[in-house]
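Remarks on the structure that follows.
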Amino acid sequence: MTDATPAVRLRDAHETPRPVHAECEYVLYWMTAYRRPSWNFALDRAIAWARELDKPLVVLEALRIDYLWASDRLHAFVVEGMRDNRDAFDSISGVAYYPYVEPERGSGAGLLASLAGRASVVIGDDYPCFFLPAQARAARRAVPCRYELVDSNGLYPLRATEKVFSRAFDFRRQLHKDLTPHLAETPRADPLEDLDLPDAGGVIDADLARWPVVTDEQLKDPSALVATLPIDHGVPPVAREPGGWVAARERLSRFIDQRLQRYDQRNQPEVEAPSELSAHLHYGHISAHEVFDAVAQREGWTPDRIAAKPTGARAGWWGMSEVAEGFLDELITWREVGFNMASKRADYDRYESLPNWAQATLEEHAEDDREHVYTLEQFEKAQTHNDLWNAAQRQLVREGRIHNYLRMLWGKKILHWSESPRMALAIMIELNNKYALDGRDPNSYSGIFWVLGRYDRAWGPERPIFGKIRYMTADNTARKVSVKEYVRRYAADGERSLF
Numbered sequence: 009m010t011d012a013t014p015a016v017r018l019r020d021a022h023e024t025p026r027p028v029h030a031e032c033e034y035v036l037y038w039m040t041a042y043r044r045p046s047w048n049f050a051l052d053r054a055i056a057w058a059r060e061l062d063k064p065l066v067v068l069e070a071l072r073i074d075y076l077w078a079s080d081r082l083h084a085f086v087v088e089g090m091r092d093n094r095d096a097f098d099s100i101s102g103v104a105y106y107p108y109v110e111p112e113r114g115s116g117a118g119l120l121a122s123l124a125g126r127a128s129v130v131i132g133d134d135y136p137c138f139f140l141p142a143q144a145r146a147a148r149r150a151v152p153c154r155y156e157l158v159d160s161n162g163l164y165p166l167r168a169t170e171k172v173f174s175r176a177f178d179f180r181r182q183l184h185k186d187l188t189p190h191l192a193e194t195p196r197a198d199p200l201e202d203l204d205l206p207d208a209g210g211v212i213d214a215d216l217a218r219w220p221v222v223t224d225e226q227l228k229d230p231s232a233l234v235a236t237l238p239i240d241h242g243v244p245p246v247a248r249e250p251g252g253w254v255a256a257r258e259r260l261s262r263f264i265d266q267r268l269q270r271y272d273q274r275n276q277p278e279v280e281a282p283s284e285l286s287a288h289l290h291y292g293h294i295s296a297h298e299v300f301d302a303v304a305q306r307e308g309w310t311p312d313r314i315a316a317k318p319t320g321a322r323a324g325w326w327g328m329s330e331v332a333e334g335f336l337d338e339l340i341t342w343r344e345v346g347f348n349m350a351s352k353r354a355d356y357d358r359y360e361s362l363p364n365w366a367q368a369t370l371e372e373h374a375e376d377d378r379e380h381v382y383t384l385e386q387f388e389k390a391q392t393h394n395d396l397w398n399a400a401q402r403q404l405v406r407e408g409r410i411h412n413y414l415r416m417l418w419g420k421k422i423l424h425w426s427e428s429p430r431m432a433l434a435i436m437i438e439l440n441n442k443y444a445l446d447g448r449d450p451n452s453y454s455g456i457f458w459v460l461g462r463y464d465r466a467w468g469p470e471r472p473i474f475g476k477i478r479y480m481t482a483d484n485t486a487r488k489v490s491v492k493e494y495v496r497r498y499a500a501d502g503e504r505s506l507f
């Protein structure tokens, strides 16, 4: 089979491989994590199989309602992406796009089995976090044919190394030594261009009566659709943050043209420098490969500019501008070190995954007196004594994000003001995963666990509550970055800022 998908990104989902059912009707791509029609190794693989077998392609993009933290906010973001995917796939005669949103708990049961029963091959997304790995394993029972999982998560394949990295420095050095060959292996920018497959008309008709697709009218107003579902309606969609690959590409273009040049000022809340791509990367509406390609083109970069000696330094090895290298360190090193952890440790989201030194120092100070102790409800409602922390929490609730520098302070003070380190971790996970559009992601868990010492080192002097964990205060943060306008913007109704 002629296919450019690297072998290191492929694995058979079945413990005992099953045969290709060449006599069946189509190839099925079950799209769960890479919700985009381009720059997608899994889609490339599905198309390659469809060409090899001379079959149409069915793309199933389904959304269940019984996952933890399911809300109007998270659902609407996905449905907005379905609208973009429908527009992309519906123009291709050899592709049948099947967008399905479960209306009630359990309504979608049997859909995958029904489609897989008529498929020659099933391709799935190999995403290492949240409920998706368990879902992929459970699906093996429903798939009677060859079932392949494809890694299209980042630039560095999940199985390129067996090592779990405990420091970003070490992972960065590994990338410097080993990433270059993988940069030449990219998913196709436009896999649907000139796609010539047998007509897909009617191939999913047998399933539509029991599992009807999301209608064009529903896709026009995702907020109205999700309001009818039995999910959490207390977390509304974010109007300024539409989902889908169209919006993601618009953000990427704006970042490259207007923001990248001042990325070195990204810690300043009043400077428009962050990329704001995190949610789109999480939902797979844009690929890290596409983002990297845009930066490389902007820089006029070629791989021969990579420095020969791997040092582990944050900058200087790509041969790009300082701002571009700063951004790539976030996009590749810090994002993908989380994927490394999640793909190799089942306990990536549990307290016990913290480094031994961090667990030891936190436990030693777990009983220290705390001047302020807040409950989950008080944190959620931004009812602390500190204006800056409250502003960060309100931004999270309103916008599904926290400014990246203040997000670190947000977590550090939850540790400072919770009854125990374990309680602090539970509170951070609950608030982040409930409200953040980029929550429930390996990179998101990296940020939460960094608060407690992951990817960090012991710091002195040793302090109450924190022990040797890196310490942050709101006052020091306010001295380092300008926060007056930020606090004013996210003040509670009728509240006056102390700044």
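Read in order, the letters of the sequence shown are residues 9 to 507 in the working numbering. Beta carbons are placed, not taken as given, at the ideal position from N, Cα and C, and that holds for glycine. Predicted, not measured: the structure shown is a model, and the values here were computed from it.
Going by alpha carbons, who is nearest to R471 out of T383, D395, T369? T369
Label R487 either buried or exposed according to how many other C-beta atoms from any shown protein chain fall within 10 Å of its C-beta, with 16 as the threshold for buried. exposed
Of the choices L417, R409, Y443, Y75, whose alpha-carbon is the least far from that of T485? L417
According to DSSP, is A499 helix, strand or coil? coil
I'd like the span of the beta strand (DSSP E) that includes P189, first residue to last. Segment 188–191 is the alpha helix (DSSP H) holding P189; no beta strand (DSSP E) there.
How do the segment 192–199 and the segment 105–119 stand: do at least 3 beta-carbon pairs fall below 8 Å, yes or no? no
On the three-state DSSP scale, how would you describe A58? helix
Would you list, in sequence order, the uninterrupted alpha helix (DSSP H) runs of no fewer than 4 residues that lie entirely inside the segment 142–196? 176–186, 188–191
Just checking my contact of A176 with V345 at CB under 8 Å: how many whole Å lie between their CB atoms? 6 Å
Measuring CB to CB, does Q367 end up less than 8 Å from Y498? no
Sub-8 Å separation of L445 and R81 beta-carbons: yes
Which of the three DSSP states, helix, strand or coil, is assigned to Y291? coil
Provide the residue span of the beta strand (DSSP E) that contains L68, from first to last. 65–71
What is the DSSP secondary structure of P511, reduced to helix, strand or coil? Residue 511 lies beyond the residue range present for the chain, which begins at 9 and ends at 507; the question has no answer from this structure.
Going by alpha carbons, who is nearest to L140 out of V489, Y453, Y463, D449? D449
Which of the three DSSP states, helix, strand or coil, is assigned to R19? strand
Using 10 angstroms around the beta-carbon of S454, count the other beta-carbons present and answer buried if the total reaches 16, otherwise exposed. buried
Measure from the alpha carbon of D52 to the alpha carbon of each residue in D74, L18, A78, then state which is nearest. L18
If you follow the alpha helix (DSSP H) that Y453 is in, where does it begin and where does it stop? 450–458
Out of curiosity, what's the CA-to-CA distance linking R516 and E156? This structure gives no information on residue 516, because the portion of the chain shown stretches from 9 to 507.
Among all the DSSP beta bridges, which residues are the ones paired with I131? Y37, E156
Same chain, Cβ closer than 8 Å to E508, five either side skipped, listed in chain order: Because the chain here runs from 9 to 507, residue 508 falls outside it and cannot be looked at.
Alpha-carbon to alpha-carbon, E372 and F173: 25 Å
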